[in-house]
Amino acid sequence: MTHDPHIHVYRKPSPVAKWATIVLGAVLALCGAILLIGGIWLASLGGSWYYVVAGIGLLLSAYFLFRLSITGVWIYAAVWCGTVLWAFWEVGTDWWAQVPRIIAPTVLLVLVLLTIPALIRRPYQPPAETTL
Amino acid sequence: MLPLSNISRILIAGTLFVGAAAGAAKSQTPEQPQSQTQMQESEAPATPSSPDSAEMRPDETADTPPVPAPTSDVVDPASGDTTTEDATPPTDAAAPEASETGTEQQDASDTQSEETSAPQSLARSAPATLPEAGADWPFYGGGPGATRYSPLDQITPDNVSKLKRAFVYRTGDMPTKETKGKYSPENTPLKIGGTLYMCTAMNKMVAFDAATGKETWRYDPKVSPDAIPYGASCRGVSAYTNPDAAEGDACATRIIEGTLDARLIAVDARTGEPCEDFGENGSVDLWAGIGEKVPGWYAVTAPPAIVRGIVVTGAQVKDGQAENAPSGVIRGYDAVTGELAWAWDLGNPELTGLPPEGETYTRGTPNMWTAPVGDEELGYVYLPLGNSAVDYYGGNRSDAENEYATSLVALDVTTGKPVWHFQTVHYDLWDYDLGSQPTLVDVPVGGEKVPAVILPSKQGDIYVLNRKTGDSLFPVKAMKAPKGGVETSSLADTQPVSGYHVLPRERLTEKDMWGFSPIDQLWCRIQYRQATYDGLYTPPTVDKHWIQYPGYNGGSDWGSIAVDPKRGVIIANYNHVPNHNRLLTRDEADKRNLRPIYEDQEQSSGSNAEGDGDPQTGSPYAIEVNAGWRVPFTGVPCTKPPYGGIQAIDLATGKTLWDEPIGTARRNGPFGISSMLPFKIGTPNNGGPVVTAGGLVFIGAATDNLFRAIDIKTGKVVWSDVLPAGGQANPIVYEQDGREYVMIMAGGHHFMETPIGDYVIAYALPKGD
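Chains as they are written, first to last, in this note's numbering: chain A, 1 to 132; chain B, 133 to 901.
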């Protein structure tokens, strides 16, 4: 990493934030893999393609979160928006029917948004008064 | 979803083709145009039945309007007794079409020939005057017609908010270590004079004061725990007053119950002492003539009907065990002496008493596990029959079984012979037993009040039949039934659909799949796409699962309906729950060690849901049922809520007046955790409503453990109380010392997964209000 001329001038996230982001990325990757595999199965049976698309989205999001890239947040946000649009297209304002479609993805959205501070790359300010 | 009964009707209508239930077996016959001219419903259009429409799959015929059967063709004993087709075997595999004719035509003819050979009757020739519901609740269903209607009006929507517990009586009958997980008491008390009478889950009979709840007597028939069939239930007792007895005589009024170990027990209403004149010291053994005694296989769980002095009972035969199951014979006993008055063995109509030594009543025949209703005036008893053994395979059923299974049978108690019968599903492979007690009420038809019997089914059809003839007072339509599965050639071509009212049962789609998260929803969608599903009556399959919707819990089950005859309103709660099923090959069944009850008592009983791996010994297939189609591990249902609702229906027309989900989410959640969400979700429900002249519907039933009052005009819940256990029982309403009481047993239910209790709770307005 330090060989990358762009990276070394940015502040690194704290180890806790970094590992929390990676764990979240792992959760998204697991969910994404399940949705993708199950989604391919479902689509092959003539069912909805939503899960294939959402699964790919989650895997991509996880990939960028592993790399501590803010792109992971953008992709997850896109998946979430698409999910909401799809959910309303499918069942409208039948709120009980929305429960499995919206709640878990929204919980994940909150967690993904919480990683933003760890992923935002501000220009590196030399710590003038620090001894480290 | 709920206000969609009309849509559901359209969908069902879409599955219809002309074919009237009756003469219509051959729906593409020259008779068709004739029946067109007799059509009685405006929605019946000028679309003639054609071979094309008949061959369309149901989902492709959504725009094809239904053509109802002319009423007269559907159930017309008058014509029935002159035709020879009544004798047509209903499920002749070689001529399945012809079977329709035989099954749907209600025949009075069989009685006509049989009545002459009837033995001398123990039944009284003249009807007695029976007490109505009012201050008392003298019958399981309230009055003699089982309307579950109380004319009391002290409690109204305006003052119901002040309703408080007046007293709580506890029966003391709670599960032991041995009977844990098997309790479903489902008890409904009677109230006669100043006393309440009921039975507990294990058949202990108790009497207690109607104003204070103080116990006056108790009689324990000492039923062994191994007698519990699927669940320990005793829905109620029946009372009989001997017209020949003097008032102070022992057992002048007697309380009669059927027990899990298949006895009829009669005790003195005043003392609880067994009636010495009844059977052997107050007890009649119902195992007589049934065959080898296998505890738990043959058990009475419903109160008997008492008509013209005859106690009429059937029994529950534990489902799914074996083709060679105890007989479904219906028997009538003298209410005073306990003497067998007659037996009606549909497989052996010549046999009217006990079978000869060493023989049994015909085994495996359709049984009656629920409560019948008596018609003192006509001397009839209306028997809601269940299915033949076994439920999910029909290959070895006899013609007589196919004729009578899942039918309402009007039996003349003076002869013990059937007068008419009305079949609600042909060749039942879905455990669509008739579970509801029918209701007797006069229904206005064309400016005239016709004595009718209202029959709700598990599929959600509500039929209104002429009590005397079995004629449907409204058109009975026919829907084209799906084919396929392991018995495709035996399946009926059409199934009846009520033209009067159908409870919601819209066809399920992938979008209706639910779950707790996208992952289990995906799992459910895959299951949906993998399963065979062709709508209502999708035939059983062995190579993959099939979806059965509605499931065996209803529609309408044993809770039945209530009818307010003054307002002309039917109140019906219903379930909205599918099952996910598969037949198992004999090899699979053996690998799972599925064994019938006579081989392995322990293995076959217990808290498993009914059908959750039943051997069906003697048939080629065992059965596996995922009742409620739930996701493994989380327990969350695969289909979206609501799982239950309650409707008000206009008695005169069958039109829906309101339709609301019943039950909140407070006790439901993933992994069996109570979510405490106060929102109405519509839960599965078991147990029926009562209606009062005060304008209220009282009902527990839902799995939220609430007992609630609903304004009959609006369908809104106007009062509720949290019960200490599940309210899976029918409430009652009575008056004592000028005070109106509403009472429900909070007994819980193992299958409904509500907490078990022994509470009988009386509610009243505070004194002085």
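For glycine and all other residues, C-beta sits at the position ideal for the given N, C-alpha and C.
- Here the C-alpha atom of GLY32 of chain A lies approximately 16 Å from the C-alpha atom of SER48 of chain A.
- Boundaries of the alpha helix (DSSP H) harbouring ILE56 of chain A: 50–66, taken from the DSSP string.
- Just measuring C-alpha positions, the residue of B:LEU635, B:PRO488, B:GLY745, B:ASP603 sitting nearest ASP593 of chain B is B:LEU635.
- A Cβ-Cβ distance of about 5 Å is found for the pair THR766 of chain B and PRO802 of chain B, placing them in contact under the 8 Å criterion.
- Within the DSSP secondary-structure output, MET884 of chain B pairs in no beta bridge.
- Within chain A, PRO100 have C-beta atoms less than 7 Å from the C-beta of GLY647 of chain B, given in sequence order.
- Shown in chain order are the members of the region 47–58 of chain A whose Cβ falls below 8 Å from a Cβ of chain B: GLY47, SER48, TYR51, ALA54.
- By the criterion of a C-beta distance shorter than 6 Å, GLY832 of chain B is surrounded in its chain by GLY819, PHE839, GLY859, ILE876, once the five residues flanking it on both sides are discounted.
- ASN374 of chain B and THR385 of chain B have their C-alpha atoms roughly 6 Å apart.
- In this structure, the straight-line span from the alpha carbon of ALA420 of chain B to that of LEU486 of chain B is close to 8 Å.
- Under the DSSP assignment, CYS656 of chain B falls in the alpha helix (DSSP H) whose first and last residues are 650–662.
- With 16 or more other Cβ atoms inside 10 Å of its own Cβ, PHE410 of chain B counts as buried.
- Annotated three-state conformation of GLN453 of chain B is coil, per DSSP.
- At a cut-off of 3 residues, the continuous stretches assigned as beta strand (DSSP E) that sit fully inside the region 761–808 of chain B are 776–782, 788–793.
- Taking a beta-carbon distance threshold of 9 Å, LEU262 of chain B does not count as an interface residue toward chain A.
- Remark: C-beta atoms of VAL416 of chain B and ARG395 of chain B approach each other more closely than 9 Å.
- For the region 487–534 of chain B, the continuous beta strand (DSSP E) assignments of 3+ residues that do not extend past its boundaries occur at 505–507, 512–516, in sequence order.
- ASP290 of chain B counts as exposed, since fewer than 16 other beta carbons sit within 10 angstroms of its beta carbon.
- CYS31, ILE34, LEU35, GLY38, GLY39, TRP41, LEU42, LEU45, GLY46, GLY47: these are the residues of the region 22–47 of chain A whose beta carbon lies less than 8 Å from some beta carbon of chain B, given in chain order.
- Per DSSP, reduced to three states, the secondary structure at THR71 of chain A is helical.
- Judged by beta-carbon spacing, LEU392 of chain B lies beyond the 9 Å limit of PRO435 of chain B, meaning their Cβ atoms are not closer than that value.
- Listed along the chain, the chain B residues whose CB falls inside 7 Å of the CB of ALA104 of chain A are SER649, PRO650.
- The C-alpha of GLY490 of chain B lies about 21 Å from the C-alpha of ALA431 of chain B.
- Looking at the DSSP output, TRP678 of chain B sits in a beta bridge with B:THR664, B:ASN713.
- The criterion of a C-beta distance shorter than 9 Å is satisfied by ALA255 of chain B and ARG440 of chain B.
- CA-to-CA, the gap between ASP477 of chain B and THR492 of chain B works out to about 10 Å.
- Chain-ordered listing is empty here: chain A has no CB closer than 7 Å to the CB of GLU580 of chain B, the nearest sitting near 43 Å.
- Among the CB atoms of chain B, none fall inside 9 Å of the CB of THR93 of chain A.
- For the pair TYR660 of chain B and ALA861 of chain B, the Cα-to-Cα distance works out to about 33 Å.
- Taking 9 Å as the cut-off, the beta carbon of ASP341 of chain B is found no closer than this to the beta carbon of GLU872 of chain B.
- Contact between SER282 of chain B and ALA613 of chain B is ruled out by a C-beta separation of about 40 Å, above the 8 Å threshold.
- Contact check for LEU715 of chain B against PRO672 of chain B passes: the beta carbons are separated by less than 9 Å.
- Not a single CB atom of chain B sits nearer than 9 Å to the CB of TRP80 of chain A.
- Per the coordinates, the alpha-carbon of LEU119 of chain A lies some 34 Å from the alpha-carbon of GLU90 of chain A.
- By the Cβ neighbour-count rule, GLY870 of chain B is exposed, with fewer than 16 other Cβ atoms within 10 Å of its own.
- ALA364 of chain B sits buried, since 16 or more C-beta atoms from the chains shown fall within 10 Å of its C-beta.
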